[in-house]
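Numbering (my numbering), first residue to last: 628 to 890.
Ideal Cβ placement from N, Cα and C applies to all residues, glycine included.
All of these numbers come straight from a predicted model, not from anything done at the bench.
See below for the structure under consideration.
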DNA sequence: AAACTGTACAACCGCAAGCGA
DNA sequence: CTCGCTTGCGGTTGTACAGTT
């Protein structure tokens, strides 16, 4: 599924898929010393990779809190909603989904959600058309009886005000900032006379899950990457087993540091 | 069974923002 | 102000695997 590993002649660096050994090295190094400088890090960690590659691998795959696969309906809906609002701001979207990375969300969007988003757009267009047609027919019927025999919509088609208040499309397009708001019944969806079967599952899922969905999801803080050691550069002369040790990152006080440095 | 097509996703690349000298 | 460096972001590619013909 990924590019096969190969050595780039020009740079002499390894590219392509990461081996478990490389993963282990990088993970162990970052967990121990933090990522003080991605460009320099591979040298110290004993990896023949560029810093950029290491950073990406760590961020998207090796970080302890990274969730993999199995997107929940809530997550899908959040992504869809935020993408509708923000566009391709994957990093911002990722910041709202603990454990998900921008790269993963981007991939998920392109493979799973793009189609759904397109369907949503199409439904919104149909909704607009229905609304304009409904309001037009309502006006034309103002001074007539309540017969719907002339209407092009099914017999169980609800009056236009009904559509406005409870159609699923209204939910989608009007609750942009509050998706915990009211839900629409399946009957309401059917009553518009449009075949919503394509996405009914997800709509129902949205209704169910967002009811349980507290504000905690948005306010819950990220688990910080506390392995980061700001403003610290190791001395290349300090070796620690298979790594070149930058020390300091695991020292909570000066005496520990002095001990490790042999002072 | 083989060939073809579609899907999923890890990884690469180029660019831009941020920051310090 | 600008130059150089690092980091982060978003677009895109490559390829294994699954499904279909």
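**Message:** Would you call the region 696 to 713 in contact with the region 732 to 741, where contact means no fewer than 3 C-beta pairs closer than 8 Å?
**Reply:** Output reads yes: the region 732 to 741 touches the region 696 to 713.
**Asked** According to the Cβ coordinates, are residue 676 and residue 640 closer than 8 Å?
**Response** Yes.
**Prompt:** Which term fits residue 661, buried or exposed, when burial requires 16 or more other beta carbons within 10 angstroms of its beta carbon?
**Reply:** By the neighbour-count rule (16 or more Cβ atoms within 10 Å), residue 661 is buried.
**Between the CA atoms of residue 729 and residue 735 - distance to the nearest angstrom** = Annotation: residue 735 to residue 729 spans about 10 Å, alpha carbon to alpha carbon.
**Request:** Could you tell me whether the Cβ atoms of residue 642 and residue 650 are closer together than 8 Å?
**Result:** Result no, Cβ atoms of residue 642 and residue 650 do not sit closer than 8 Å.
**Request:** Could you work out which residue in 682, 694 and 680 is closest to residue 721 when comparing CA atoms only?
**Result:** Taking each of 682, 694 and 680 in turn and checking the Cα distance to residue 721, the smallest one comes out for 694.
**Asked** Does the Cβ of residue 732 have 16 or more other Cβ atoms within 10 Å, making it buried, or fewer, making it exposed?
**Response** Burial call: buried.
**Request:** Locate the beta strand (DSSP E) running through residue 633, then write down its first and last residues.
**Result:** 633 to 635 is the span of the beta strand (DSSP E), which, as asked, contains residue 633.
**Message:** Can you list, in chain order, the residues of its chain with a C-beta nearer than 8 Å to that of residue 630? Leave out the 5 residues immediately preceding and following it.
**Reply:** For residue 630, where only same-chain residues beyond five positions count, the Cβ hits under 8 Å are 642, 643 and 644.
**Message:** Buried or exposed, going by whether 16 or more other CB atoms sit within 10 Å of the CB of residue 751?
**Reply:** Exposed is the call here.
**Item:** Classification of residue 709 by the beta-carbon crowding that lies within 10 angstroms, buried from 16 upward
**Value:** With 16 or more other Cβ atoms within 10 Å, it is buried.
**Item:** Outcome for residue 632 when other beta-carbon atoms lying within 10 angstroms are tallied against a minimum of 16
**Value:** Flag for residue 632 reads exposed.
**Item:** Alpha carbon of residue 679 to alpha carbon of residue 689, nearest angstrom
**Value:** Those two C-alpha atoms are separated by around 14 Å.
**Item:** Residue environment, residue 637, which counts as buried when at least 16 other CB atoms sit within 10 Å
**Value:** Classification for residue 637: exposed.
**Message:** Classify residue 748: buried if its beta carbon has 16 or more other beta carbons within 10 angstroms, exposed otherwise.
**Reply:** Counting Cβ neighbours within 10 Å, residue 748 comes out exposed, since fewer than 16 surround it.
**Request:** Out of 663, 685, 670 and 669, point me to the one whose CA is closest to residue 726's CA.
**Result:** Closest by alpha carbon: 685.
**Residue burial classification, residue 647 (beta-carbon count within 10 angstroms, cutoff 16)** = Residue 647 should be labelled exposed.
**residue 682 versus 718, 692, 699 and 657, residue with shortest Cα-Cα distance** = Check the Cα spacing between residue 682 and each of 718, 692, 699 and 657: the tightest is with 657.
**Request:** Pull up the distance between the alpha-carbon of residue 746 and that of residue 723, whole angstroms please.
**Result:** Residue 746 and residue 723: Cα-Cα distance of roughly 24 Å.
**Spatial neighbours of residue 674 in its chain, beta-carbon cut-off 7 Å, leaving aside the 5 residues before and after** = The residues 649, 652, 653 and 681, in chain order, have a CB closer than 7 Å to that of residue 674 in the same chain once the five nearest residues on each side in sequence are set aside.
**Request:** Pull up the distance between the alpha-carbon of residue 664 and that of residue 707, whole angstroms please.
**Result:** When rounded, the distance between both Cα atoms is 34 Å.
**Prompt:** From residue 713 to residue 744, what does the alpha carbon distance come to, in whole angstroms?
**Reply:** The alpha-carbon separation between residue 713 and residue 744 amounts to approximately 13 Å.
**Request:** Could you name the residues that DSSP lists as bridge partners for residue 640?
**Result:** Paired residue(s): 635.
**Nearest-angstrom Cα separation, counted from residue 711 out to residue 758** = So the two alpha carbons sit approximately 22 Å from each other.
**Asked** Under the three-state reduction of DSSP, which class applies to residue 674: helix, strand or coil?
**Response** Correct three-state label for residue 674: coil.
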